[in-house]
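Asker: First, the structure itself, so that you have it in front of you.
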Amino acid sequence: MLRVSNLSVDFSRYGRSTQVPEAICSVDLDVRAGEILGVVGESGSGKSLLAHAILGLLPANARMGGEITFKGQTLDKMNIQILRGRDIALIPQSVAYLNPFKTVRSQVLRAACLSGLPHSEAALASDAALSRYGLDSTAQRLYPHQLSGGMARRALTATATTGNASLLVADEPTTGLDHSTAGETLRHLRQLADSGKAVLLITHDILAALKVADRVAVFLGGMVLEIALASDFNTGACLRHPYTQALWQALPRNAFMNAPARSHTGSSTSHGCVYAGDCPLSDHVCRNTLPEWKDVAGGRVRCHHA
Amino acid sequence: MSGCILLFTGLVFAAQIMDTGGLATNLGLRHMPPSLGHLFGTDWLGRDMLTRTILGLYEGLKLGVLAALCSGCISLILGSVAGFHGGRVDQFISGLINVVMATPHLVLLILISFVLGGGTRGVILAVALSHWPQLARIIRAEVKQLKNATYVLLSARLGHSKLWIIRRHLLPHLVPQCMIGVMLLAPHAILHAAGLTFLGFGVSPHAPSIGMLLAESMRHISTGYWWLAVIPGASLVLMVLAFDTLGSTARALLNPKTRQE
Numbered sequence: 006m007l008r009v010s011n012l013s014v015d016f017s018r019y020g021r022s023t024q025v026p027e028a029i030c031s032v033d034l035d036v037r038a039g040e041i042l043g044v045v046g047e048s049g050s051g052k053s054l055l056a057h058a059i060l061g062l063l064p065a066n067a068r069m070g071g072e073i074t075f076k077g078q079t080l081d082k083m084n085i086q087i088l089r090g091r092d093i094a095l096i097p098q099s100v101a102y103l104n105p106f107k108t109v110r111s112q113v114l115r116a117a118c119l120s121g122l123p124h125s126e127a128a129l130a131s132d133a134a135l136s137r138y139g140l141d142s143t144a145q146r147l148y149p150h151q152l153s154g155g156m157a158r159r160a161l162t163a164t165a166t167t168g169n170a171s172l173l174v175a176d177e178p179t180t181g182l183d184h185s186t187a188g189e190t191l192r193h194l195r196q197l198a199d200s201g202k203a204v205l206l207i208t209h210d211i212l213a214a215l216k217v218a219d220r221v222a223v224f225l226g227g228m229v230l231e232i233a234l235a236s237d238f239n240t241g242a243c244l245r246h247p248y249t250q251a252l253w254q255a256l257p258r259n260a261f262m263n264a265p266a267r268s269h270t271g272s273s274t275s276h277g278c279v280y281a282g283d284c285p286l287s288d289h290v291c292r293n294t295l296p297e298w299k300d301v302a303g304g305r306v307r308c309h310h311a
Numbered sequence: 006m007s008g009c010i011l012l013f014t015g016l017v018f019a020a021q022i023m024d025t026g027g028l029a030t031n032l033g034l035r036h037m038p039p040s041l042g043h044l045f046g047t048d049w050l051g052r053d054m055l056t057r058t059i060l061g062l063y064e065g066l067k068l069g070v071l072a073a074l075c076s077g078c079i080s081l082i083l084g085s086v087a088g089f090h091g092g093r094v095d096q097f098i099s100g101l102i103n104v105v106m107a108t109p110h111l112v113l114l115i116l117i118s119f120v121l122g123g124g125t126r127g128v129i130l131a132v133a134l135s136h137w138p139q140l141a142r143i144i145r146a147e148v149k150q151l152k153n154a155t156y157v158l159l160s161a162r163l164g165h166s167k168l169w170i171i172r173r174h175l176l177p178h179l180v181p182q183c184m185i186g187v188m189l190l191a192p193h194a195i196l197h198a199a200g201l202t203f204l205g206f207g208v209s210p211h212a213p214s215i216g217m218l219l220a221e222s223m224r225h226i227s228t229g230y231w232w233l234a235v236i237p238g239a240s241l242v243l244m245v246l247a248f249d250t251l252g253s254t255a256r257a258l259l260n261p262k263t264r265q266e
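For the protein sequence lines, the chains are E and F, in the order given. Residue 6 is where the first sequence starts when you use the numbering used here, and the numbers rise one by one after that. Residue 6 is where the second sequence starts when you use the numbering used here, and the numbers rise one by one after that.
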């Protein structure tokens with residue numbers, strides 16, 4: 006349903022095209038109908054930027070390379086204007102995306118109307134979405150500043166899921182939520198995927214991603230290092246990339262060992278693998294040449310040693 | 006709050022139905038102290054001071070509110086243009102704000118009113134042109150902050166025009182701010198209008214005004230006719246205080262954080 010090929014994003018500073026590190030560098034991934042693709046990675050690795058690139062919400066000084074296609078159609082400025090909110094919906098990361106002048110109910114209702122539903126159905130759909138996320142009629146009349154962090158986040162999720170979008174980009178939908186509400190959000194995403202929609206679940210909570218996702222893409226320093234089946238994380242034996250293995254090791258149920266926490270921004274300043282600095286297998290080839298994609302059982306990996 | 010509103014309604018109503026016969030010179034009733042017949046006493050020409058005070062306050066109120074409204078408009082336009090546009094325009098308007106704020110505003114008031122030839126227009130413009138910078142500065146800062154709020158940035162990235170963003174996102178935020186600014190400026194403006202007239206740069210001596218009343222009474226204060234200056238002066242202070250209370254209450258009501266208290 007969604008295919009991202011060779012996507013790169015960088016920023017021009019002070020209006021000049023000075024050489025700055027690419028925030029996202031040759032990212033390839035695809036999301037199929039009926040599946041959840043989890044995107045995991047450390048903070049600042051470019052996950053949210055990927056979401057914004059897909060929805061055409063990059064800042065004015067961002068330059069985007071590569072191609073994003075949705076249902077076979079290239080997403081350019083014109084297309085995305087039509088599809089955004091109607092066919093592609095976003096659960097944004099920050100609750101500051103809510104309009105402070107509108108009540109929760111009116112914002113969800115507006116999202117439902119924008120998604121192309123007729124007004125009578127939109128009211129029903131927005132009520133259903135709000136009550137699914139536990140926002141009762143009192144909470145619906147509140148303004149964003151009167152909501153708690155968790156309520157605001159649930160309002161955002163309700164806004165994004167009220168329409169009939171076939172692709173849902175969920176950017177950290179469970180941050181700040183208690184366990185049961187986070188579980189409900191993830192269960193709902195799974196239901197949406199099971200009903201034939203595609204979900205791109207961006208999170209740094211790898212356990213949450215593993216709970217519901219079909220496949221997991223591992224991000225580091227603006228690059229996707231590996232796309233593996235979520236079931237591959239059960240044992241860890243099927244994971245190919247050393248960074249993914251380190252992440253697996255860091256899970257509480259495994260060795261609970263800290264994954265190397267060096268800052269991995271600035272990938273494009275060196276030409277090699279973004280993980281070369283910390284990788285136990287690293288050699289001069291890793292440091293100097295960017296690894297190509299290798300297809301492996303159930304997924305793809307970008308490592309010279311895989 | 007309701008007392009203040011009652012006071013202003015009473016004042017406006019009284020000024021409308023007032024029997025202006027009390028303004029006529031009646032030398033037989035000169036220098037009468039406050040009594041039941043003449044609540045505020047009479048002046049050296051036998052005119053009823055109550056009538057003069059009410060008409061003076063009413064005119065002062067009109068002048069003050071008009072001047073504050075003009076000043077609010079100037080602040081809203083210049084402040085939001087500076088904040089939204091940024092760059093050179095912002096630098097220019099900020100410079101202008103600094104220059105006006107750095108000039109003692111009594112000097113500025115007298116100069117502007119003098120250049121415009123005094124009168125009602127002179128007073129209104131003098132107060133408006135010398136009092137816009139404070140509010141303009143607040144609005145400029147507010148716009149700068151709002152412009153970078155996530156939901157406004159998002160709205161720009163969604164492709165909404167600048168005008169749409171100003172209308173839908175900025176104005177709803179700025180208008181209450183501006184209203185409060187105007188309400189808090191109005192009592193200040195009333196005082197300045199009275200002050201200008203007192204100094205002889207304001208409205209014409211024939212028009213009823215508290216400033217003129219006080220200026221005239223000054224000559225008589227040492228002769229024991231205290232009611233000529235004290236009562237109109239105290240009523241002016243009372244009106245300004247009431248207006249200030251109104252402004253502060255409005256501010257508390259318009260702020261969602263303090264509304265429930």
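Glycine included, every Cβ here is placed at the ideal spot set by N, Cα and C.
1. Please report whether the beta-carbon of LEU191/E lies at a distance below 8 Å from any beta-carbon of chain F.
2. Check the DSSP bridge columns for VAL221/E and list the partner residues they point to.
3. Shortest alpha-carbon distance to ILE207/E belongs to which of ALA56/E, ALA302/E, ARG8/E and LEU12/E?
4. Have a look at LEU12/E and LEU173/E and give me their C-alpha separation to the nearest angstrom.
5. Determine the chain F residues that contact LEU62/E at a beta-carbon separation under 8 Å, and present them in chain order.
6. For LYS167/F, which three-state DSSP category applies?
7. In chain order, what residues of the same chain lie with their CB nearer than 8 Å to the CB of HIS276/E, ignoring the 5 residues before and after it?
8. Within this structure, are the beta carbons of PHE45/F and ILE236/F separated by less than 8 Å?
9. Report the CB separation of LEU244/E from ALA255/E in whole angstroms; it is logged as a contact under 8 Å.
10. State yes or no: is the beta carbon of THR155/F nearer than 8 Å to at least one beta carbon in chain E?
11. Taking ILE22/F and ALA72/F to be in contact with their CB atoms under 8 Å, please state how far apart those CB atoms are, rounded to whole angstroms.
12. So, is SER142/E buried or exposed, given that buried needs 16 or more other C-beta atoms within 10 angstroms?
13. For SER131/E, report the span of its beta strand (DSSP E) as first-last.
14. Output yes or no for whether 8 Å exceeds the beta carbon distance between ARG89/E and LEU60/E.
15. THR208/E bridges to which residues according to DSSP?
16. Does PHE16/E come out as helix, strand or coil in the three-state DSSP assignment?
17. If you draw a straight line from the alpha carbon of TYR138/E to that of VAL100/E, how long is it in whole angstroms?
18. Residues in the same chain with beta-carbon distance under 7 Å from LEU54/E, minus the five sequence neighbours each way, listed in chain order, please.
19. Looking only at C-alpha atoms, which of GLN112/E, SER125/E, GLN151/E and ARG146/E sits nearest to THR162/E?
20. For a test of the three-state rule: what should DSSP assign to VAL9/E, helix, strand or coil?
21. Ignore the nearest five residues each way along the sequence and tell me which others in CYS278/E's own chain have a CB closer than 6 Å to its CB.
22. Give, in chain order, every residue of the region 178–198 of chain F whose Cβ lies closer than 9 Å to some Cβ of chain E.
23. Find the nearest neighbour of GLY124/F within the set PHE13/F, ILE143/F, CYS183/F and ALA212/F, judged by alpha-carbon distance.
24. Can you check which of these residues, LEU62/F, PHE18/F, LEU16/F and GLY127/F, is closest to SER209/F by C-alpha distance?
25. How many angstroms separate the CA atom of MET106/F from the CA atom of ILE115/F?
26. Is there a Cβ from chain F that is less than 8 Å from the Cβ of SER99/E?
27. Exposed or buried, SER272/E, counting other C-beta atoms within 10 Å across all chains shown (16 or more means buried)?
28. Where does SER272/E sit, in a helix, a strand or coil, going by DSSP?
29. Does chain F have any CB closer than 8 Å to the CB of GLN4/E?
30. Find out if the Cβ-Cβ distance for the pair SER131/E, LEU103/E is shorter than 8 Å.
31. Mark VAL104/F as exposed unless 16 or more other C-beta atoms lie within 10 angstroms of its C-beta, in which case mark it buried.
32. In chain order, what residues of the same chain have a beta carbon less than 6 Å from the beta carbon of PRO192/F, not counting five sequence neighbours either side?
33. Grab me the residues of ALA209/E's own chain with a C-beta within less than 8 Å of its C-beta, minus the 5 sequence neighbours each way, in chain order.
34. On the DSSP bridge assignment, give the partners of ARG89/E in chain order.
35. What residues from the region 104–138 of chain E come within 8 Å of chain F, judged by C-beta to C-beta, listed N to C?
36. Just mark LEU95/E as buried or exposed, buried being the case when its beta carbon has 16 or more other beta carbons within 10 Å.
Answerer: Per the coordinate set shown:
1. Taking the first sequence and counting its residues from 1, the one referred to as residue 191/E is at position 186. Closer than 8 Å to the CB of LEU191/E there is not a single CB belonging to chain F.
2. Against the first sequence, residue 221/E aligns to sequence position 216. VAL221/E is bridged to GLY43/E and ALA233/E.
3. Position 202 of the first sequence holds residue 207/E. Answer by Cα proximity: ALA56/E.
4. Looking up residue 12/E in the first sequence gives position 7. Looking up residue 173/E in the first sequence gives position 168. So the alpha carbons of these two residues sit roughly 19 Å apart.
5. Residue mapping note: residue 62/E aligns to position 57 of the first sequence, counting from 1. Correct list: LEU159, ARG162 and LEU163.
6. The residue given as residue 167/F occupies position 162 in the second sequence. Three-state result, LYS167/F: helix.
7. If you number the first sequence from 1, residue 276/E lands on position 271. The beta carbon of HIS276/E is closer than 8 Å to those of ASN293, THR294 and LEU295 in its chain, skipping five residues each way along the sequence.
8. Position 40 of the second sequence, counted from the first residue, corresponds to residue 45/F. Position 231 of the second sequence, counted from the first residue, corresponds to residue 236/F. Yes, Cβ-Cβ distance for PHE45/F and ILE236/F is below 8 Å.
9. As a first step, residue 244/E must be located in the first sequence, where it is residue number 239. As a first step, residue 255/E must be located in the first sequence, where it is residue number 250. Contact doesn't hold; Cβ gap of about 12 Å is too wide.
10. Locating residue 155/F in the second sequence gives position 150, where the first residue counts as 1. So, interface residue.
11. By 1-based counting over the second sequence, the position of residue 22/F is 17. By 1-based counting over the second sequence, the position of residue 72/F is 67. ILE22/F to ALA72/F, Cβ: 26 Å. No contact.
12. Position 137 of the first sequence holds residue 142/E. Per the 10 Å Cβ criterion, exposed.
13. As a position in the first sequence, residue 131/E is number 126, starting the count at 1. Here SER131/E belongs to no beta strand (DSSP E); instead the alpha helix (DSSP H) covers 124–137.
14. As a first step, residue 89/E is located in the first sequence; it is residue number 84 there, counting from the start. As a first step, residue 60/E is located in the first sequence; it is residue number 55 there, counting from the start. Taking C-beta atoms as the reference points, ARG89/E and LEU60/E count as a pair closer than 8 Å.
15. The residue given as residue 208/E occupies position 203 in the first sequence. Among the bridge pairs identified by DSSP, THR208/E is matched with VAL45/E.
16. Here residue 16/E refers to the residue found at position 11 when the first sequence is read from its first residue. Note: PHE16/E maps to strand in three-state DSSP.
17. To locate residue 138/E, count along the first sequence from 1; it is residue 133. To locate residue 100/E, count along the first sequence from 1; it is residue 95. About 15 Å.
18. For the purposes of this step, residue 54/E is taken as residue 49 along the first sequence, with counting starting at 1. Exclusion of the five residues before and after LEU54/E leaves VAL14, ALA28 and ILE29 as the residues of its chain whose Cβ lies within less than 7 Å of its Cβ.
19. The count along the first sequence starts at 1 and reaches residue 162/E at position 157. For the residues GLN112/E, SER125/E, GLN151/E and ARG146/E, the minimum Cα distance to THR162/E belongs to GLN112/E.
20. Taking the first residue of the first sequence as 1, we reach residue 9/E at position 4. VAL9/E falls in the strand class under three-state DSSP.
21. If you number the first sequence from 1, residue 278/E lands on position 273. The residues CYS291 and PRO296, in chain order, have a CB closer than 6 Å to that of CYS278/E in the same chain once the five nearest residues on each side in sequence are set aside.
22. When CB distances to chain E are screened at a threshold of 9 Å, the residues of the region 178–198 of chain F falling below it are HIS178, in chain order.
23. Position 119 of the second sequence, counted from the first residue, corresponds to residue 124/F. If we check each option's Cα against that of GLY124/F, ALA212/F comes out closest.
24. For the purposes of this step, residue 209/F is taken as residue 204 along the second sequence, with counting starting at 1. Measuring C-alpha to C-alpha distances from SER209/F to each of LEU62/F, PHE18/F, LEU16/F and GLY127/F identifies GLY127/F as the nearest.
25. The sequence position of residue 106/F within the second sequence is 101, counting from 1. The sequence position of residue 115/F within the second sequence is 110, counting from 1. Distance between the alpha carbons of MET106/F and ILE115/F: 15 Å.
26. For the purposes of this step, residue 99/E is taken as the residue at position 94 of the first sequence. SER99/E has a beta carbon lying within less than 8 Å of a beta carbon in chain F.
27. By 1-based counting over the first sequence, the position of residue 272/E is 267. With a pLDDT of 46 at SER272/E, under the threshold of 50, the predicted position of this residue should be treated as unreliable, and no value is reported.
28. Locating residue 272/E in the first sequence gives position 267, where the first residue counts as 1. Bear in mind that the predicted position of SER272/E carries a pLDDT of just 46, short of 50, making it unreliable; the figure below should be weighed with that in mind. Under the three-state reduction of DSSP output, SER272/E falls in the helix class.
29. An answer regarding residue 4/E cannot be provided, because it is not within the stretch 6 to 311 covered by chain E.
30. The residue labelled residue 131/E in the question sits at position 126 within the first sequence. The residue labelled residue 103/E in the question sits at position 98 within the first sequence. Going by C-beta atoms, SER131/E is not nearer than 8 Å to LEU103/E.
31. Stepping through the second sequence from its first residue, residue 104/F is reached at position 99. The C-beta of VAL104/F has fewer than 16 other C-beta atoms within 10 Å across all chains shown, which makes the residue exposed.
32. Position 187 of the second sequence holds residue 192/F. Contacts found: VAL245, PHE248 and ASP249.
33. As a first step, residue 209/E is located in the first sequence; it is residue number 204 there, counting from the start. According to the sequence provided, residue 209/E is His. The question's Ala does not apply to it. So the qualifying residues of the chain are VAL45, GLY46, GLU47, SER48, LYS52 and GLU177.
34. Your numbering for residue 89/E matches position 84 in the first sequence. In the DSSP secondary-structure assignment, ARG89/E is bridged to ILE93/E.
35. Flagged, chain order: ASN104, PRO105 and PHE106.
36. Residue numbering aside, residue 95/E sits at position 90 when the first sequence is read from its first letter. With 16 or more other Cβ atoms within 10 Å, it is buried.
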